[in-house]
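Engineer:
There are 2 protein chains.
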Amino acid sequence: MVKIRLNSSSIYVFKNPTLEKAIEIISEAVDKKEVLIIVGNCRVKYTGRASSKLELGERILIIKRDGAFLIHRPGGYQPVNWMSGKDTIYHLELIGRKEMLLSMNNAKKTSFENRLEDPPKKNVLQIQAIQRSPPELVRVFFDQIHLLSTLNLEDTGRFSLYASEEDMKKAILLKPDLIEKGFKVVSYEKRTDTGFVDVYGADEQGRFVIVEIKRKTAGRAAMLQLAKYRKSVEMEVNRDIRCVLAAPKIARGTQRLLATLNLEFKRLDPKRCAAILNDEQTQRARISDFI
Amino acid sequence: MVKIRLNSSSIYVFKNPTLEKAIEIISEAVDKKEVLIIVGNCRVKYTGRASSKLELGERILIIKRDGAFLIHRPGGYQPVNWMSGKDTIYHLELIGRKEMLLSMNNAKKTSFENRLEDPPKKNVLQIQAIQRSPPELVRVFFDQIHLLSTLNLEDTGRFSLYASEEDMKKAILLKPDLIEKGFKVVSYEKRTDTGFVDVYGADEQGRFVIVEIKRKTAGRAAMLQLAKYRKSVEMEVNRDIRCVLAAPKIARGTQRLLATLNLEFKRLDPKRCAAILNDEQTQRARISDFI
DNA sequence: GAGTGGATTTCGCAT
DNA sequence: ATGCGAAGTCCACTC
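Protein chains in written order, with this note's numbering: chain A, 380 to 670; chain B, 380 to 670.
1) Nearest CA to the CA of ILE620 of chain A: which residue from A:TYR608, A:ARG631 and A:VAL517?
2) Taking a cut of 9 angstroms between CB atoms, which residues from the stretch 524–540 of chain B lie near chain A?
3) Could you compute how far the alpha carbon of ILE417 of chain B sits from the alpha carbon of ARG438 of chain A?
4) Going residue by residue through the stretch 476–551 of chain A, where are the continuous alpha helix (DSSP H) segments of at least 4 residues, counting only ones entirely within it?
5) Can you look up TYR391 of chain A in the DSSP assignment and give me helix, strand or coil?
6) Beta-carbon of PRO514 of chain B versus every beta-carbon of chain A: anything under 7 angstroms?
7) Near PRO649 of chain A, what residues of its chain come up, given a Cβ to Cβ distance below 7 angstroms and the 5 sequence neighbours on each side ignored?
8) Please name the residue in A:PHE587, A:LEU449 and A:LEU624 whose C-alpha comes closest to that of THR467 of chain A.
9) Answer with yes or no whether the minimum CB distance from GLY632 of chain B to chain A is below 7 angstroms.
10) By Cβ distance below 7 angstroms, which residues in the same chain neighbour GLY427 of chain B in space, the five residues on each side in sequence not counted?
11) Here's the rule I'm using: 16 or more other beta-carbon atoms within 10 Å means buried, otherwise exposed. How should GLN505 of chain B be labelled?
12) The beta strand (DSSP E) with SER431 of chain A in it runs from where to where?
13) Might you give, ordered along the chain, the residues of its own chain that have their beta carbon closer than 8 angstroms to the beta carbon of ILE592 of chain A, omitting 5 neighbours on each side?
14) What are the boundary residues of the alpha helix (DSSP H) that includes TYR608 of chain A?
15) Using 8 angstroms as the cut-off, can you tell me whether the stretch 443–463 of chain B makes contact with the stretch 557–566 of chain B, which would need three or more C-beta pairs spanning the two stretches below that distance?
16) Is ILE442 of chain B close to the ligand COA? I mean its beta-carbon at under 6 angstroms from any heavy atom of the ligand.
17) From PRO396 of chain B to TYR469 of chain A, what does the alpha carbon distance come to, in whole angstroms?
18) What does SER566 of chain B pair with, by DSSP beta-bridge criteria?
19) How long is the line joining the alpha carbons of GLU408 of chain B and ILE441 of chain B, rounded to whole angstroms?
20) For a contact defined as C-beta to C-beta under 7 angstroms, what are the partners of ILE404 of chain B on chain A?
21) Could you round the C-beta distance between GLU413 of chain A and LEU530 of chain A to whole angstroms and report it? I think they count as a contact, below 8 angstroms.
22) Pull up the distance between the alpha-carbon of PHE538 of chain A and that of ALA653 of chain A, whole angstroms please.
23) Can you name, in chain order, every residue of its own chain whose Cβ lies under 6 angstroms from the Cβ of ASP522 of chain B, other than the five neighbours on each side?
24) Would you decide whether ARG518 of chain A is buried or exposed? Buried here means 16 or more other CB atoms lie within 10 Å of its CB.
25) In angstroms, rounded to a whole number, what distance separates the CA positions of VAL588 of chain A and SER611 of chain A?
26) For the beta strand (DSSP E) that GLU643 of chain A lies in, which residues bound it at each end?
27) Beta carbon of LYS424 of chain A, beta carbon of MET479 of chain A: below 7 angstroms?
28) Given LEU557 of chain A, which residues of its chain have a CB within under 7 angstroms of its CB, disregarding the five upstream and five downstream residues?
29) Under DSSP, the beta strand (DSSP E) around LYS424 of chain B begins and ends at which residues?
30) For GLU533 of chain B and ARG444 of chain B, what's the separation of their Cα atoms in angstroms?
31) In this structure, how does DSSP classify GLU591 of chain A when only helix, strand and coil are distinguished?
32) Taking only three categories from DSSP, how would you classify THR467 of chain B?
33) Label GLN584 of chain B either buried or exposed according to how many other C-beta atoms from any shown protein chain fall within 10 Å of its C-beta, with 16 as the threshold for buried.
34) Beta carbon of MET462 of chain A, beta carbon of GLN507 of chain A: below 7 angstroms?
35) With DSSP run on the structure shown, which of helix, strand or coil describes ARG586 of chain B?
Quick look at the structure:
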C-alpha cells in the first residue's frame with residue numbers, strides 16, 4: 380500500500396490498501412465530510428422503494444461530502460445504485476465472506492452461526508449507506524480495493540442554467556413585449572382549480588390574457604390544458620379571456636385544434652429568452668469571467 | 380508528475396500531470412475506451428437543449444468506456460453537467476487562457492485576434508464532448524489537473540431490480556391468483572388505440588378482465604385511464620368487461636370515483652411480487668451467491 | 001426519427 | 001409530510 384499526498388489541495392491517493400487500512404481512511408473521510416473515490420471489486424445490495432442486487436464486478440464508488448453516494452459501472456450515464464445524500468448516514472464494517480453472502484441473501488444470522496465452525500475471516504469491507512425517509516439501504520461489499528482517494532475539493536463556482544421553462548417565464552416578466560406589444564404582466568403561476576397558469580396579464584386593450592409557456596414544441600396536451608385553464612379563469616373573472624400559447628413551435632397537425640379551442644400561438648425561442656436574461660444579468664457576470 | 384501502475388487491473392494514476400501530459404493520457408484512454416477519472420480545477424460550458432455555465436472550481440470528471448461523461452461537484456447526487464454517451468465524440472485541445480474566456484463567452488475569434496498582441500500561452504486543457512442528436516456540446520476547461528486515473532475495469536456482474544411495475548406484471552403472469560382465484564392471463568401489454576393495458580385476461584366465469592398495475596398508490600389518473608381503456612376494449616370485443624386496478628392502495632378520496640367508474644380494486648404489494656419472483660427465480664441464483 | 005409511459009425518477013414549490 | 005409539475009429529465013419501446 381502506497382500513500383501519496385498531493386501538494387495542491389488535500390488530496391490523498393492510496394494504492395491497493397488493505398481492507399483494514401481502507402476502513403480507517405474511509406471512516407475518517409466520511410467524518411470529515413471529504414469526497415471519497417473508491418475503485419474496487421464489489422457486490423451491491425439495495426432495499427428501499429424497490430430492491431436490487433448487483434453481482435461481483437469492478438466499479439467506482441463516490442461518496443460526496445454531503446453524503447451523496449454513487450456507484451458507477453464502467454459504462455452508462457446513470458449510477459447503478461445510489462443514495463441522494465439527504466440524511467444519509469454511513470456504517471462501515473469488516474465482515475467474513477460467508478457473513479456477507481448470508482447478509483446478501485437476507486438469511487438470519489443465527490442460522491449462519493449454527494452452521495459456523497470457525498470464526499469467519501474478516502475479508503470483506505461492507506459500506507452501508509442508510510437513509511431514514513424514505514427508508515432506504517444500500518450495502519456495498521468490497522473484497523478488494525484497487526484505488527482509494529480522499530479529496531478536499533474547493534468549489535464555490537456559480538452554476539447558471541439558461542432557457543429552462545422557468546427562465547422563459549422570467550424573460551417574459553422582464554420583457555413582456557416578447558408576448559406582444561403592450562402586454563402587461565399581472566401575475567404569474569396563478570393557481571386555478573385545475574392547475575397553474577404560467578403568466579397572467581393584460582393586453583393593450585385591457586383584455587385579460589393567460590399565457591402558457593412550453594420550452595419545446597407545444598402539443599395537443601398543452602392546448603387542452605390551456606383551454607381548461609381558460610374555462611376555470613373565465614368562471615372566476617366572469618369575462619372573455621385571450622389564451623396565448625408561447626413556445627418555439629407547435630406540433631404538426633395541431634393547427635386545427637389551436638383554432639378550434641380559440642387559442643393564439645406566439646413563437647418564443649428559448650435561446651432568445653436566455654439571451655435576454657444574459658443581457659439583463661451578465662453585465663456584472665462578464666467581469667468575473669475575465670478574472 | 381508521478382505515474383503509478385497498479386498491479387491488479389490495468390489502473391494508472393497520475394499525480395499533478397502537466398496539461399501536455401494529461402492530453403496525451405486522456406486521448407489514449409478515450410481511444411482505448413478505458414474509464415477515466417479526472418480531478419482538477421475547471422470551468423464548464425454547455426449548449427444544447429438548454430445552455431449552462433459553471434464557473435471555476437474543483438470537480439471530478441468521469442468519462443466512461445462507452446463515452447458517458449459526468450462532471451460531479453463535491454456535493455449533490457446529480458452531475459452538474461453530463462453527456463449520455465450515445466454517439467458522444469471527444470475533442471481535446473490545449474488553448475490559451477484568453478482563448479478559453481472568449482470561447483466561454485461565445486465571442487468571435489476574429490475580435491479576439493484583433494485585440495491579441497502576443498500569441499496565447501497554451502495553458503488550459505479543453506475537453507469537448509459532442510453529441511449529434513439531439514445536438515449537444517459540453518466543454519470543460521481545466522487549468523490544473525490534480526489527479527488523473529485511467530481504469531480498465533472488469534464488470535460483468537448481473538444487475539437485478541425487483542418489484543418494479545414490470546416485475547409486478549411478471550409476478551401476475553407467474554401467479555394469476557394474485558388478482559383473484561381462477562383468473563387467467565390472456566395477454567399483456569395489449570395495445571389499444573388509446574394506450575396500453577397492463578394485463579388482459581379472463582375470470583372464472585369467462586368474463587374479460589383488464590388489469591392496470593401501479594407500483595404505488597393508484598390515483599384519479601390511473602382510474603380515468605383504466606376507464607378509458609375499458610371503453611376502447613369494449614368497442615373492440617363488443618361485450619362487457621371487468622376492470623381491476625392492482626396497486627398497493629388507492630389514494631384518499633378516490634373511493635367514490637372507483638365506484639362511479641365501475642372499477643374494482645385489488646390490493647397488490649410490490650414486495651410480495653418481488654418475493655414471488657425470488658421464489659421462482661433465485662433457486663439457482665442462490666447457488667451463485669455462495670461462490 | 002418521433003411519440004409514449006415508467007422511474008429507487010430527482011428537484012422544486014405549493015399546501 | 002404530501003402532492004403536483006417540470007426536467008438538458010433518462011430509458012426502453014413502438015410506430
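Glycine included, C-beta positions come from ideal geometry on N, C-alpha and C.
Structural biologist: Let's see:
1) Counting from one through the first sequence, the residue named residue 620 of chain A turns up at place 241. Per the Cα distances, A:TYR608.
2) HIS525, LEU526, SER528, LEU530, ASN531, LEU532, GLU533, ASP534, THR535, GLY536, ARG537, PHE538, SER539 and LEU540
3) Numbered from 1 along the second sequence, position 38 holds the residue referred to as residue 417 of chain B. Numbered from 1 along the first sequence, position 59 holds the residue referred to as residue 438 of chain A. Answer to the nearest angstrom: the Cα atoms are 16 angstroms apart.
4) 476–483 and 488–494
5) Against the first sequence, residue 391 of chain A aligns to sequence position 12. Here TYR391 of chain A sits in strand by DSSP.
6) In the second sequence, the residue the question calls residue 514 of chain B occupies position 135. No, its Cβ sits nowhere closer than 7 angstroms to a Cβ of chain A.
7) Here residue 649 of chain A corresponds to residue number 270 of the first sequence, with the count starting at 1. Closer than 7 angstroms at the Cβ level, and outside the excluded window around PRO649 of chain A, lie ALA542, MET547, ARG594 and PRO627.
8) Taking the first residue of the first sequence as 1, we reach residue 467 of chain A at position 88. It is A:LEU449 whose Cα lies nearest to the Cα of THR467 of chain A.
9) If you number the second sequence from 1, residue 632 of chain B lands on position 253. No, no contact with chain A.
10) Position 48 of the second sequence, counted from the start, is the residue given in the question as residue 427 of chain B. Scanning its chain for C-beta atoms nearer than 7 angstroms, with the 5 sequence neighbours on each side dropped, one finds around GLY427 of chain B the residues PRO513, PRO514, GLU515 and LEU516, in chain order.
11) Position 126 of the second sequence holds residue 505 of chain B. Looking at its Cβ environment, which holds 16 or more other Cβ atoms inside 10 Å, GLN505 of chain B is buried.
12) Taking the first sequence and counting its residues from 1, the one referred to as residue 431 of chain A is at position 52. Element bounds for SER431 of chain A: 430–442.
13) Taking the first residue of the first sequence as position 1, residue 592 of chain A is located at position 213. Taken in chain order, the residues that qualify are GLU544, MET547, LYS548, ILE551, ASP577, VAL578, ALA625, ALA626 and LEU647.
14) One-based indexing of the first sequence puts residue 608 of chain A at position 229. Looking at the DSSP string, the run of the alpha helix (DSSP H) that includes TYR608 of chain A is 599–616.
15) Too few Cβ pairs lie closer than 8 angstroms, so no.
16) As presented, the structure is devoid of all ligands, the ligand COA included, so that no description of it is given.
17) One-based indexing of the second sequence puts residue 396 of chain B at position 17. One-based indexing of the first sequence puts residue 469 of chain A at position 90. Each residue's alpha carbon lies about 33 angstroms from the other.
18) For the purposes of this step, residue 566 of chain B is taken as the residue at position 187 of the second sequence. According to DSSP, SER566 of chain B bridges with B:TYR579.
19) By 1-based counting over the second sequence, the position of residue 408 of chain B is 29. By 1-based counting over the second sequence, the position of residue 441 of chain B is 62. Residue identity check: residue 408 of chain B is Ala in the sequence provided, not Glu. Straight-line Cα distance between these residues: approximately 12 angstroms.
20) Your numbering for residue 404 of chain B matches position 25 in the second sequence. Within chain A, no residue comes near ILE404 of chain B; the closest Cβ sits about 16 angstroms away, beyond 7 angstroms.
21) Here residue 413 of chain A is taken as the residue at index 34 of the first sequence, counted from 1. Here residue 530 of chain A is taken as the residue at index 151 of the first sequence, counted from 1. Rounded, the Cβ-Cβ distance is 6 angstroms, consistent with contact.
22) Along the first sequence, read from residue 1 onward, the residue named residue 538 of chain A stands at position 159. Along the first sequence, read from residue 1 onward, the residue named residue 653 of chain A stands at position 274. Each residue's alpha carbon lies about 14 angstroms from the other.
23) Counting from one through the second sequence, the residue named residue 522 of chain B turns up at place 143. So the list reads ASN420 and VAL503, once near-sequence residues are dropped.
24) By one-based count along the first sequence, residue 518 of chain A stands at place 139. Its Cβ being crowded by 16 or more others within 10 Å, ARG518 of chain A is buried.
25) Residue 588 of chain A sits at position 209 when you count from the first residue of the first sequence. Residue 611 of chain A sits at position 232 when you count from the first residue of the first sequence. Cα-Cα distance, rounded: 13 angstroms.
26) Reading the first sequence from its first residue, position 264 is the one you call residue 643 of chain A. Per DSSP, GLU643 of chain A belongs to the beta strand (DSSP E) from 643–646.
27) Residue 424 of chain A sits at position 45 when you count from the first residue of the first sequence. Residue 479 of chain A sits at position 100 when you count from the first residue of the first sequence. The answer is no: Cβ separation not under 7 angstroms.
28) Taking the first residue of the first sequence as 1, we reach residue 557 of chain A at position 178. Here the set comprises ALA550, ILE551 and LEU647.
29) Within the second sequence, the letter at position 45 stands for residue 424 of chain B. Counting along the chain, the beta strand (DSSP E) containing LYS424 of chain B begins and ends at 414–426.
30) Counted from its first residue, the second sequence places residue 533 of chain B at position 154. Counted from its first residue, the second sequence places residue 444 of chain B at position 65. Roughly 11 angstroms separates the two Cα atoms.
31) Start at 1 with the first residue of the first sequence, and residue 591 of chain A comes out as number 212. GLU591 of chain A falls in the strand class under three-state DSSP.
32) Position 88 of the second sequence, counted from the first residue, corresponds to residue 467 of chain B. It is a strand residue.
33) Residue 584 of chain B sits at position 205 when you count from the first residue of the second sequence. So GLN584 of chain B counts as exposed.
34) Taking the first sequence and counting its residues from 1, one reaches residue 462 of chain A at position 83. Taking the first sequence and counting its residues from 1, one reaches residue 507 of chain A at position 128. No, the pair does not count as a contact, with Cβ atoms beyond the cut-off.
35) The residue you call residue 586 of chain B lines up with position 207 of the second sequence. Reduced to three states, the DSSP call for ARG586 of chain B is coil.
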